[in-house]
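Here is the structure we will look at.
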Amino acid sequence: MTSGSNKIDAERYAWAYLNRVIEGPSQALWQLLRSGRDCTEIARGIRARASWLKGVLGQTEARHDWCRWEKDLEIAADYGARLVTPDDEEYPAETFNAAFGFAQLGAERGSGLASKHTGASSPPHSLWVRGNDLRELVAQAVAVVGTRSISSYGKAATEHLVRGLCPAQWTIVAGGAIGIDTVAHSAALAAGGTTMAISACGVDRTYPRVNTKLFNTIASGSHGALVTEYPPETPPQRHRFLTRNRLVAALTEGTVVVEAAWRSGALNTVHWAEGFGKTTMAVPGPITTVGSLGCHQLVKDGRAQLVTSADDVRELLGGIGEIDATGQYEMQFGPDPIQKLSRNELQIYDCTPAHGFPGKQAEQIATEAGMPLGLTVHLLLDLHKNGFIARKNGRFTRTQQND
């Protein structure tokens, strides 16, 4: 075995150890990593109880001697799963940076929706994945969530949306629970699409057990993946479901709530999505039932956009270059990159100050455009990434070449 292979093994063991002894998000760990400490050095420091660990020292007090990295990796391999770390190309760094960066910005400013999520400003330090490439799956992904007490209407509405999204190559993401989640996963498979289930337990556990066959199908072939940030043999517990919801929101471009009562757990995913600056959407339901009260309240409060079809979802989440064929303007001049923007993107672009003028914050642009803040931020970041908009000190302007 070469020295290079030994180094790779040591790093893999270190990440597995860190995943075992530090549960959930850890700002303290990420601060060490960003300061230049590597995973092997941090792992050694934890076992030696080094003082420079600062916050990580307290987080690992009860588990620092849980040295079972080889066993965790072996169990995962037995189930066809792998550990994905920030060192791996498969790790969706850009997706996480956008989501958790927005949450951190809101926490630092102490304003906006993200200020409620100060504990969410750190991405997972590793993930266990069983199935297809994670980064490819989340390149275009949408969360479809809702009640466990699903009605016939909720089932039909979920299937209707998912059947329309899959042909457009959207990965359907949910938490694998009974109810809306299960229908969303199943509908994606039936439509020949891809789906991803985010679990709140170890990759060797199946919860709920009734979905064992469904999960095995998702993880096989090119159907999608099962994902968790918890090491093997970790049982599902209530607090882990809340942390799981954070990943459902972070790994997707937007969240659709299909059917949810006022106190539905699915609304927790909406809170996370808001904190990450993501687009939130809700499907209306019968006014005579309590099953859609949560959806109706989200729309009434301006926290979610009302959607009734896959086209509605695609319009709200459409990326750069996805042309709205029915809504393009008749322009009497040559082709221009601006013409490739969707209606929503063009609306945000038009409300952004021209180059050379004082920039505006996302909240100001959202107000002027009449759009939810989460959707506005999503579109601004897409426009910035593709060179249409410049960002400086939290303010946005159009780039000079596109004015």
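Reading the sequence shown from the start, the letters are residues -17 to 385 in my numbering.
Yeah, the Cβ is synthetic: ideal placement off N, Cα and C, and Gly gets one too.
Worksheet item: Is the beta carbon of F84 sitting closer than 9 Å to the one on V252?
Response: Result no, Cβ atoms of F84 and V252 do not sit closer than 9 Å.
Fill in: N-terminal and C-terminal residue of the alpha helix (DSSP H) that I162 is part of
Run containing I162: 162 to 172, per the alpha helix (DSSP H) assignment.
Worksheet item: Hey, out of Q9, A179, L143, E215, whose CA is closest to I160's CA?
Response: Among Q9, A179, L143, E215, the Cα nearest to that of I160 belongs to A179.
Worksheet item: Between N193 and T234, which are expected to be in contact by the criterion C-beta below 8 Å, what is the C-beta distance as a whole number of angstroms?
Response: Wrong, their Cβ atoms sit about 20 Å apart, outside the cutoff.
Worksheet item: Would you say F223 and A182 are within 9 Å of each other, going by their C-beta atoms?
Response: Yes. Within cutoff.
Discussion item. Closest to D386 by C-alpha separation, out of S8, W244, D293, would be which residue?
Written reply: No information on residue 386 is available, as it lies outside the stretch -17 to 385 that the chain covers here.
Worksheet item: Taking buried to mean at least 16 other C-beta atoms within 10 Å of its own C-beta, is N375 buried or exposed?
Response: Around the C-beta of N375, fewer than 16 other C-beta atoms lie within 10 Å, and the residue is accordingly described as exposed.
Practice prompt. Identify every residue that forms a DSSP beta bridge with L109.
Written response: Answer is V66.
Item to complete: Can you grab the Cα-Cα spacing for the pair I132 / I162, in whole Å?
Response: Looking at the two C-alpha atoms, the distance is approximately 6 Å.
Fill in: For Q310, the three-state DSSP class (helix, strand or coil)
Legend: pLDDT at Q310 = 39, less than 50; position of this residue unreliable, value from coordinates given subsequently. Of the three classes helix, strand and coil, the one that applies to Q310 here is coil, per DSSP.
Item to complete: Just tell me which of A348, H221, R(-6), P7 has its CA closest to the CA of A25.
Response: Measuring from the Cα of A25, the nearest candidate turns out to be R(-6).
Item to complete: Kindly indicate which three-state DSSP category F403 falls into: helix, strand or coil?
Response: Nothing about residue 403 can be read from this structure; the chain reaches only from -17 to 385.
Worksheet item: Do you know offhand how far I302's Cα is from E327's?
Response: Note that I302 scores 44 on pLDDT, short of 50, meaning its location in the model is unreliable; the coordinates nonetheless yield the value given after this. One Cα belongs to I302, the other to E327, and the distance between them is close to 8 Å.
Fill in: Alpha carbon of M353 to alpha carbon of L299, nearest angstrom
C-alpha separation (whole angstroms): 13 Å.
Worksheet entry | Buried versus exposed, by CB contacts within 10 Å (16 or more), H167 | H167 is buried by the Cβ-count criterion.
Worksheet entry | Helix, strand or coil at Q343 [DSSP, three-state] | Correct three-state label for Q343: coil.
Item to complete: Keeping to the same chain, check which residues put their C-beta closer than 8 Å to that of S33; ignore five residues upstream and five downstream.
Response: Closer than 8 Å at the Cβ level, and outside the excluded window around S33, lie L39.
Practice prompt. Whole angstroms is fine: what's the gap from A111's alpha carbon to P213's?
Written response: This sequence places Val at residue 111; Ala is not what is there. When rounded, the separation of the alpha-carbon atoms in V111 and P213 is 11 Å.
Discussion item. On the DSSP letters alone, give me the boundaries of the alpha helix (DSSP H) that L208 sits inside.
Written reply: Boundaries around L208 are those of the beta strand (DSSP E), 206 to 210, since no alpha helix (DSSP H) includes it.
Worksheet item: When DSSP labels each residue in this structure, what does G94 get in the three-state scheme?
Response: Its pLDDT being 49, under 50, G94 is placed unreliably by the model, and the measurement read from it follows with that caveat. Looking at G94 - three-state DSSP - the assignment turns out to be coil, as it is neither helix nor strand.
Worksheet item: Which term fits A286, buried or exposed, when burial requires 16 or more other beta carbons within 10 angstroms of its beta carbon?
Response: Label assigned to A286: buried.
Fill in: Segment contact, 8 Å Cβ cut-off, at least three pairs: the segment 362 to 382 with the segment 336 to 349
These segments touch.
Worksheet item: Under a three-way DSSP split, which group does L323 fall into?
Response: Of the three classes helix, strand and coil, the one that applies to L323 here is coil, per DSSP.
Discussion item. Short of 7 Å in beta carbon distance, which residues of its chain neighbour Y61, apart from the five on each side in sequence? Order them along the chain.
Written reply: Here the set comprises R112, V185, D186.
Worksheet item: For I347 versus L323, is the C-beta spacing smaller than 9 Å?
Response: Not a contact, by the Cβ cut-off of 9 Å.
Worksheet item: From which residue to which residue does the beta strand (DSSP E) around F378 run?
Response: Looking at the DSSP string, the run of the beta strand (DSSP E) that includes F378 is 377 to 380.
Worksheet item: For G276, which residues from the same chain have a beta carbon less than 6 Å from its beta carbon, with the 5 sequence-adjacent residues on both sides left out?
Response: Hits under 6 Å: A242, A243, W244, S246, L249.
Fill in: Reduced DSSP secondary structure (H/G/I, E/B, other) of G236
Note: G236 maps to strand in three-state DSSP.
Worksheet item: Helix, strand or coil: how does DSSP classify I4 here?
Response: In the structure shown, I4 adopts coil according to DSSP, grouped into three states.
Discussion item. In the DSSP output, what is Q279 paired with across the bridge?
Written reply: Beta-bridge pairing links Q279 to no other residue.
Worksheet item: By Cβ distance below 7 Å, which residues in the same chain neighbour A(-4) in space, the five residues on each side in sequence not counted?
Response: Leaving aside the five residues that flank A(-4) on each side, the residues in its chain whose CB is nearer than 7 Å to its CB run, in chain order, C21, T22, A25.
Practice prompt. Buried or exposed for N79, please, with buried defined as at least 16 other CB atoms from any protein chain shown within 10 angstroms of its CB.
Written response: Under the 10 Å beta carbon count, N79 is surrounded by fewer than 16 other beta carbons and is classified as exposed.
Worksheet item: Bridge partners of I180, per DSSP?
Response: DSSP lists V209 as partners of I180.
Practice prompt. Could you tell me the distance, in whole angstroms, from the CA atom of Q122 to the CA atom of G206?
Written response: One C-alpha to the other measures close to 13 Å.
Worksheet item: Do you know whose CA, among L109, A(-2), C148, S108, lies nearest V126's CA?
Response: V126 has its Cα closest to that of C148, out of L109, A(-2), C148, S108.
Worksheet item: What is the rounded straight-line gap between the Cα of R50 and the Cα of I57?
Response: Looking at the two C-alpha atoms, the distance is approximately 11 Å.
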